[in-house]
């Protein structure tokens, strides 16, 4: 049974929202206010799909995970407090809204998903990756650290009830690589 990622389509919306609902419940059960304020909503995910940001993790023929990969800067990441980005003037990608379905948990699929998203970014020439998470979201912090992400400081996320998040960054050193579309 193959496990891989692909861009999400609107046909995936119900599976994505079911996974997000499970993630919201997990966060709530662990006294984490993240995602308890109505987002990510179906409207947000639909917009992410329309922009080409939304990805799904497929295991066999089932959608078991969802995440966004945004290959552009974001206003929430312009200012960081209690630290600094390692490469503030270089392009970066953002990984957002990561969730693995409850039935697939415990199989290190989050790590596989993140790794594949990083590969997609590298194939586009990106070597700096960022994400944020709530200070109570220890599993997400551990996931990033297991892949070499470093906690850089505090970012404030607009439109969230509990806006203070930890900002993480991965900086890939080697700029000179061959990409699949190079001769």
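Residue numbers (the UniProt record's numbering): 1 to 183. C-beta: ideal position from N, C-alpha, C; glycine also. Here the structure is a predicted model, which is why all the values come from computation and not from measurement.
_Where residue 129 sits in the DSSP three-state scheme_ = The three-state secondary structure of residue 129, taken from DSSP, is strand.
*asked:* Is it buried or exposed, residue 42, if we count other Cβ atoms within 10 angstroms and call 16 or more buried?
replied: With fewer than 16 neighbouring CB atoms inside 10 Å of its own CB, residue 42 falls in the exposed class.
*Residues sharing a beta bridge with residue 57, DSSP*: According to DSSP, residue 57 bridges with 5, 65.
*What residues are listed by DSSP as bridge partners for residue 81?*
154.
*Residues bridged to residue 166 by DSSP?*
Beta-bridge pairing by DSSP links residue 166 to 133, 154.
*Between 152, 33, 45, which lies nearest to residue 54 when the distance is taken from Cα to Cα?*
The shortest C-alpha separation from residue 54 is found at 45.
*Which word fits residue 11, buried or exposed, when buried means at least 16 other C-beta atoms lie within 10 angstroms of its C-beta?*
The residue is exposed, with fewer than 16 neighbouring Cβ atoms inside 10 Å.
*Of the residues 122, 108, 153, which one's Cα is nearest the Cα of residue 65?*
Just measuring C-alpha positions, the residue of 122, 108, 153 sitting nearest residue 65 is 108.
_Cross-strand partners of residue 108 (DSSP beta bridge)_ = Paired residues: none, contrary to the question.
*At what residues does the beta strand (DSSP E) containing residue 93 begin and finish?*
Per DSSP, residue 93 belongs to the beta strand (DSSP E) from 93-100.
*C-beta atoms of residue 148 and residue 167 nearer than 8 Å*: Going by C-beta atoms, residue 148 is not nearer than 8 Å to residue 167.
*Any 3 or more C-beta pairs closer than 8 Å across the stretch 73-87 and the stretch 133-145*: Touching, no.
*What does residue 70 pair with, by DSSP beta-bridge criteria?*
DSSP lists 94 as partners of residue 70.
*List the residues that DSSP assigns as beta-bridge partners of residue 171.*
According to DSSP, which records beta bridges pairwise, residue 171 is partnered with 128.
*asked:* residue 49 and residue 69 - do their beta-carbons sit closer together than 8 Å?
replied: Against a cut-off of 8 Å, the Cβ pair of residue 49 and residue 69 comes out as no contact.
*Mind checking which residues open and close the alpha helix (DSSP H) that includes residue 15?*
For residue 15, the uninterrupted alpha helix (DSSP H) segment begins and ends at 13-29.
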